[in-house]
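Going by my numbering, the sequence shown runs without a break in its numbering and finishes at 443. Just so you know, even glycine gets a beta-carbon here, dropped at the ideal spot from N, CA and C.
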Amino acid sequence: MAAPIVAAATPWGRSALAVVRLTGDDLAPVLDRILRPMRRGPLEAGRPRRIEVFDDDGVFDDGVAILLRGPHTATGHDLCEITVHGNPLIVHRLVDAAVAAGARVAQPGEFTRLAVLSGRLDLLRAEAIDQVIRATSPGGLRLGRLGLTGILSERIAPLRQGLVELTAELEARLDYPGDELALADDAALLTQLSEVAAGCRRLASGHTAGRVLVDGARIALVGAVNAGKSSLFNRLVGQPRALVHDSPGTTRDVVEARCWIGPLQVTLLDTAGERQTSDPIEAAGLALALALIEDVDVLIVVLRAGAGGATRAVEEAVLARTADRRRVIVYNGVDRSSGEPPPGAIPTSALTGAGLQDLREALIASLGIGDRADALIASARQRDLLLQVARAAEEAAEALPLAGVAVAADLLTDGIAGLDTLTGADTREDVLDAVFARFCVGK
Numbered sequence: 001m002a003a004p005i006v007a008a009a010t011p012w013g014r015s016a017l018a019v020v021r022l023t024g025d026d027l028a029p030v031l032d033r034i035l036r037p038m039r040r041g042p043l044e045a046g047r048p049r050r051i052e053v054f055d056d057d058g059v060f061d062d063g064v065a066i067l068l069r070g071p072h073t074a075t076g077h078d079l080c081e082i083t084v085h086g087n088p089l090i091v092h093r094l095v096d097a098a099v100a101a102g103a104r105v106a107q108p109g110e111f112t113r114l115a116v117l118s119g120r121l122d123l124l125r126a127e128a129i130d131q132v133i134r135a136t137s138p139g140g141l142r143l144g145r146l147g148l149t150g151i152l153s154e155r156i157a158p159l160r161q162g163l164v165e166l167t168a169e170l171e172a173r174l175d176y177p178g179d180e181l182a183l184a185d186d187a188a189l190l191t192q193l194s195e196v197a198a199g200c201r202r203l204a205s206g207h208t209a210g211r212v213l214v215d216g217a218r219i220a221l222v223g224a225v226n227a228g229k230s231s232l233f234n235r236l237v238g239q240p241r242a243l244v245h246d247s248p249g250t251t252r253d254v255v256e257a258r259c260w261i262g263p264l265q266v267t268l269l270d271t272a273g274e275r276q277t278s279d280p281i282e283a284a285g286l287a288l289a290l291a292l293i294e295d296v297d298v299l300i301v302v303l304r305a306g307a308g309g310a311t312r313a314v315e316e317a318v319l320a321r322t323a324d325r326r327r328v329i330v331y332n333g334v335d336r337s338s339g340e341p342p343p344g345a346i347p348t349s350a351l352t353g354a355g356l357q358d359l360r361e362a363l364i365a366s367l368g369i370g371d372r373a374d375a376l377i378a379s380a381r382q383r384d385l386l387l388q389v390a391r392a393a394e395e396a397a398e399a400l401p402l403a404g405v406a407v408a409a410d411l412l413t414d415g416i417a418g419l420d421t422l423t424g425a426d427t428r429e430d431v432l433d434a435v436f437a438r439f440c441v442g443k
């Protein structure tokens, strides 16, 4: 029995219209106390009706309501959507009236959670809904829409079936030792295990591209003081967000701005320039920058054209420190220097805009999204579970000739459980809590 829950389904703020949703197994006692049709007769399932909404203080708005009967609804339970005028005061009052009438304010993602628990959606499709809502790029929206078609579930189903068949094979060996059953030889089993592991790893490898498409990328500019990082930052953002001055160490805090780099929305970070300094504030800014860039997707390492001496030494240190990071190196200030850029560096001028398009293209290439049009996942949860299953299959392959059939069978059972957690066949509370914690209320 699902008790009635209520939440605004549209973003908070002023708008022409707003939608409040209720769902549960018995909505009538709540609806009778918060709305009345403008014409005689009760609400009829599937028919929009003009209504007035009211509370103990009287009518406070009019709108349209539609009632749908479970189990053939989005949540699998009775569902009512009430459209009112988009004033937050009205929305808040309507939600309060529903609570006073016996409903409970929904938790984040609770409507979709009910859909999963009632079998209307699997967990992968539920996550795809969240991706569609959060997508920051056309590619992210495409990935979310693909998820809603069930393509990821279709790709996982044969992997699970393969593990089930392999487990059955191993358990048959345990249950009927010495019997002349039509059992596969070890070589065939090892080949199947390798194929399952490879399939899981192939799906998991699309995570970085998928995450960037859905959530956007974080890109930081790093380098020595006076390399022109802030000027490049402003050029990429398209407006003067960072202070630019000839004095070294002008940028002391990290400046963030959102902008478009090709088809991607990115968060760009301008960081404090690096040098030896006795200024505690500048040193603190540099320490903050070094901490923040640990989590960015790409670094733009800015070298100053024609730099020498102490500046060049700092640049060499930055290049060495970031050698194992995904990065794009730019040689900035070519309008003022005739020096040759290092191999692989992009010559740019923040003053004239020269090289900026090459920089944008290099950033997109470094993120690898062009090579991963087949990416199907954007969730770290999905990636981690796929890698967990791949490891289980690989460890089973190692265990089979060494530790024996029983150990290998146990590992494959763990792999099946991992895929069930992935798809939502395992609906333990902690699994669902982890998925729906990031959903918006009302979804």
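In the assembly as shown, Gln382 is a buried residue. Its beta-carbon has 16 or more other beta-carbons within 10 Å. Using a C-beta cut-off of 8 Å, the segment 157-171 makes contact with the segment 399-412, since at least three inter-stretch Cβ pairs fall below that distance. For Leu68, the three-state secondary structure derived from DSSP is strand. In this structure, the straight-line span from the alpha carbon of Ala220 to that of Thr271 is close to 7 Å. No residue range can be given for Ser349, since it is assigned to no alpha helix (DSSP H) and is classified by DSSP as neither H nor E. Taking a contact as a CB-CB distance under 8 Å, the pair Leu269 and Val254 counts as one, their CB atoms being some 6 Å apart. Around the Cβ of Arg258, a 10 Å sphere holds fewer than 16 other Cβ atoms; the residue is exposed. Annotation: the segment 119-175 contains the following complete segments of the alpha helix (DSSP H) (minimum length 4 residues), in chain order: 123-134, 138-148, 151-175. Around the C-beta of Pro401, fewer than 16 other C-beta atoms lie within 10 Å, and the residue is accordingly described as exposed.
Straight through space, the alpha carbons of Leu143 and Ala135 are spaced by roughly 9 Å. Only exposed fits Gln239, as fewer than 16 other CB atoms lie within 10 angstroms of its CB. When only Cα atoms are considered, Val84 and Ile66 end up about 12 Å apart. Asn332 is bridged by DSSP to Arg304, Thr348. Burial check for Arg211: the Cβ neighbour count within 10 Å reaches 16 or more, so the residue is buried. The three-state secondary structure of Thr191, taken from DSSP, is helix. Fewer than three Cβ pairs drawn from the segment 112-129 and the segment 347-363 lie within less than 8 Å of each other, which leaves the two stretches out of contact. The C-alpha of Leu213 is placed about 33 Å away from the C-alpha of His77. By the C-beta density criterion, Leu174 is exposed, having fewer than 16 other C-beta atoms within 10 angstroms. The Cβ neighbour count for His72, taken over all protein chains shown within 10 Å, is under 16; the residue is labelled exposed.
In this structure, the beta-carbon distance from Asp335 to Arg218 does not fall below 8 Å. The Cβ neighbour count for Ile133, taken over all protein chains shown within 10 Å, is under 16; the residue is labelled exposed. Between Ala8 and Arg120, the alpha-carbon positions lie close to 21 Å from each other.
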